[in-house]
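There are 2 protein chains.
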Amino acid sequence: MKKLTLPAASDMTLTAVCAALGDPVRMKIAQCLAHSGEKNCSGFEVDHLSKSTLSHHIKILREAGLIQPRIQGKEHFYSLRTEELDQRFPGLIALLLAEEV
Amino acid sequence: MKKLTLPAASDMTLTAVCAALGDPVRMKIAQCLAHSGEKNCSGFEVDHLSKSTLSHHIKILREAGLIQPRIQGKEHFYSLRTEELDQRFPGLIALLLAEEV
DNA sequence: TCTACAGTTTGAAAAATATCGAACTTAAAA
DNA sequence: TTTTAAGTTCGATATTTTTCAAACTGTAGA
């Protein structure tokens, strides 16, 4: 099993978070999770992207500190890291929620 | 004289704003303006970038709706569009201010 | 008018990013 | 144990972005 690393709240940078959210696919995923709580890959409402591309976007969101996985069997459920984000970037999740999805 | 367009608050997108802030040079400029109010190009504390590159970054910030120019003689003074940003993305400027510069 | 200055635009090269298919991993089901 | 399903990793390609120098624009001062 792969050990996957999530940055501590103090290690996240606003620049990396913004870069992660600066792509329309990743913004969609983040907003989707902000609204729905938890989803696996097939639950993101992004159209006709290969699974390798989707996996790439998820990795960027994860490495920026925005999302965390919960692995259950063969499924990977993702959710926003609400606690860390509220601590490190208060107001950020509200910005995601305010946008229409 | 060139007519330059700023997007209305309602036309700004969070994705474009995040993409604009997702580059370290532009994040620096935005934070600089958030703290200092108004500066011209030579006032941004970015190291050894050609003026054409700096101009390019300013354009991206402007087109995303983040900054506005005030042209006075040969100088272009830039500032954050605080009213529009507070209306369209409440909490965003606080995020910029919260980061160390 | 001529020159210097602050900044933009253009065109090109280099670097980074997005995308895909194929191969791989892991876990559940047959 | 074999197969299937969910997702990641790898390698390659196409697109985008960053960057610079050179040319240009508009303003102020000599």
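Chains A and B, in that order, are what the protein sequence lines are.
Just so you know, our numbering puts 63 at position 63 of the first sequence, and the rest follows in order with no gaps.
Remember, our numbering sits 1000 above the position in the second sequence when you count from 1.
Even glycine gets a Cβ: it sits at the ideal position worked out from N, Cα and C.
Endpoints, alpha helix (DSSP H) assigned at residue i
| i | result |
| --- | --- |
| residue 85 of chain A | 82-88 |
| residue 1052 of chain B | 1051-1064 |
| residue 1041 of chain B | Note, residue 1041 of chain B: premise wrong, no alpha helix (DSSP H); not H, not E. |
First through last residue of the beta strand (DSSP E) which encompasses residue i
| i | result |
| --- | --- |
| residue 7 of chain A | Looking at the DSSP string, residue 7 of chain A is not in any beta strand (DSSP E), and its letter there is neither H nor E. |
Closest by C-alpha distance to residue i, when choosing among the options
| i | options | result |
| --- | --- | --- |
| residue 67 of chain A | A:100, A:74 and A:37 | A:37 |
| residue 1097 of chain B | B:1004, B:1033, B:1051 and B:1014 | B:1033 |
| residue 1099 of chain B | A:88, A:46 and A:5 | A:88 |
| residue 85 of chain A | A:64, A:56 and A:71 | A:64 |
| residue 70 of chain A | A:9, A:25, A:14 and A:40 | A:40 |
| residue 81 of chain A | A:61, A:75 and A:72 | A:61 |
| residue 1005 of chain B | B:1072, B:1051 and B:1059 | B:1059 |
| residue 79 of chain A | A:90, A:45, A:30 and A:46 | A:30 |
| residue 1054 of chain B | B:1009, B:1014 and B:1023 | B:1023 |
Cutoff 8 Å: residue i Cβ touching any chain A Cβ
| i | result |
| --- | --- |
| residue 1082 of chain B | no |
| residue 1053 of chain B | no |
| residue 1041 of chain B | no |
Inter-residue CB distance, residue i and residue j (contact presumed, cutoff 8 Å)
| i | j | result |
| --- | --- | --- |
| residue 1027 of chain B | residue 1021 of chain B | 5 Å |
| residue 25 of chain A | residue 76 of chain A | With a Cβ gap of about 17 Å, residue 25 of chain A and residue 76 of chain A do not count as contacting. |
| residue 1092 of chain B | residue 95 of chain A | 7 Å |
Closer than 8 Å to chain B by CB, residue i
| i | result |
| --- | --- |
| residue 63 of chain A | no |
| residue 91 of chain A | yes |
| residue 49 of chain A | no |
| residue 69 of chain A | no |
| residue 18 of chain A | yes |
| residue 99 of chain A | yes |
Identified DSSP bridge partners for residue i
| i | result |
| --- | --- |
| residue 70 of chain A | A:77 |
| residue 1028 of chain B | Looking at the DSSP assignment, residue 1028 of chain B forms no beta bridge with any residue, so it has no partner. |
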